[in-house]
Amino acid sequence: PPDCAPPDCAPPDCAPPDCALRRARSLRGRARVARARYCLEEHGCSLHTFFDRARGHAGTVLLVRDAELGALFGAFAPCEWRACKGFYGSGETLLFSLRPKRQVLRWTGANSYFMLSDESSLAIGAGGCFGLWLSADFAHGSAGECETFDAGMVAPAREFRCAAIEVYGLVAPSVLADD
Numbered sequence: 318p319p320d321c322a323p324p325d326c327a328p329p330d331c332a333p334p335d336c337a338l339r340r341a342r343s344l345r346g347r348a349r350v351a352r353a354r355y356c357l358e359e360h361g362c363s364l365h366t367f368f369d370r371a372r373g374h375a376g377t378v379l380l381v382r383d384a385e386l387g388a389l390f391g392a393f394a395p396c397e398w399r400a401c402k403g404f405y406g407s408g409e410t411l412l413f414s415l416r417p418k419r420q421v422l423r424w425t426g427a428n429s430y431f432m433l434s435d436e437s438s439l440a441i442g443a444g445g446c447f448g449l450w451l452s453a454d455f456a457h458g459s460a461g462e463c464e465t466f467d468a469g470m471v472a473p474a475r476e477f478r479c480a481a482i483e484v485y486g487l488v489a490p491s492v493l494a495d496d
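Numbering (my numbering), first residue to last: 318 to 496.
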């Protein structure tokens, strides 16, 4: 696969716990600050808007809240999200679950199917099935055990309806000083 290309809207119960953001920051090797970039409730159900709002952030935390069970899970994406034919990303990509149980699914080295996103959906991980898949309208998704990441599923159910989707861009503190 090719190498990576170069307002707070979170409802209180969906705000990213500090531990998930600290983990994502440490993966990038430098201190980072999280900045809300996309919120389904505020920005609408459009992949085009998602890509536009995430543009310029090579390092994002994607959070999904399940409508039925209230589960909170997501992914750390070290590369900028974009519409692309084929997989992209790096071994820094990971899936995680925060609620109902905490777990981190790391790259196994079995394949390089990290991030896949086009105008019809986005997915993280593959091999057997997607580790995490979201429909273009962000209404529903699926999760499964895939060869890209450690054994386990990030969501408590294979199929789910999305109650909330948020993306936080990780930026260097020096960038904030320029704002």
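Just so you know, even glycine gets a beta-carbon here, dropped at the ideal spot from N, CA and C.
All figures in this text were calculated on a predicted structure; none of them were measured in a lab.
As summarised for the region 374 to 446, the continuous beta strand (DSSP E) elements at least 3 residues long and confined to that stretch are 377 to 383, 389 to 394, 411 to 416, 420 to 422, 432 to 434 and 438 to 441, given in chain order.
CA-CA distance, Ala-460 to Gly-448, rounds to 5 Å. For the pair Trp-424 and Gly-408, the CB atoms are nearer than the 7 Å cut-off. Our two residues, Leu-415 and Leu-422, have alpha carbons roughly 12 Å apart in a direct line.
In the structure shown, Arg-370 falls within a helical segment according to DSSP collapsed to helix, strand and coil.
Arg-370 and Leu-386 have their C-alpha atoms some 28 Å from each other. By the C-beta criterion, the region 469 to 487 is judged to be in contact with the region 437 to 456, since at least 3 inter-stretch pairs fall below 8 Å. In the structure shown, the three-state DSSP call for Glu-462 is coil. Taking Leu-389 as the centre and dropping the five residues before and after it, the same chain places the C-beta of Arg-382, Leu-415 and Arg-416 closer than 6 Å to its C-beta, in chain order.
Excluding five sequence positions before and after Pro-473, the CB atoms of its chain that fall closer than 7 Å to its own CB belong to Leu-386, Ala-388 and Pro-417, given in chain order. According to the DSSP assignment, Phe-477 belongs to the beta strand (DSSP E) that extends over 476 to 488. Close CB contacts of Phe-404 within its chain, under the 8 Å cut and outside five residues either way in sequence, are with Pro-318, Ser-429, Tyr-430, Phe-431, Met-432, Leu-433 and Ala-443 (chain order). Here Cys-356 is bridged, per DSSP, to Glu-483. Here Ala-351 is buried: its Cβ has 16 or more other Cβ atoms, across all protein chains shown, within 10 Å.
If the five residues before and after Ala-468 are omitted, its C-beta is found closer than 7 Å to the C-beta atoms of Glu-462, all from its own chain and listed in chain order. Thr-377 is the residue among Lys-402, Thr-377, Ala-384 and Arg-372 whose C-alpha sits nearest the C-alpha of Ala-392.
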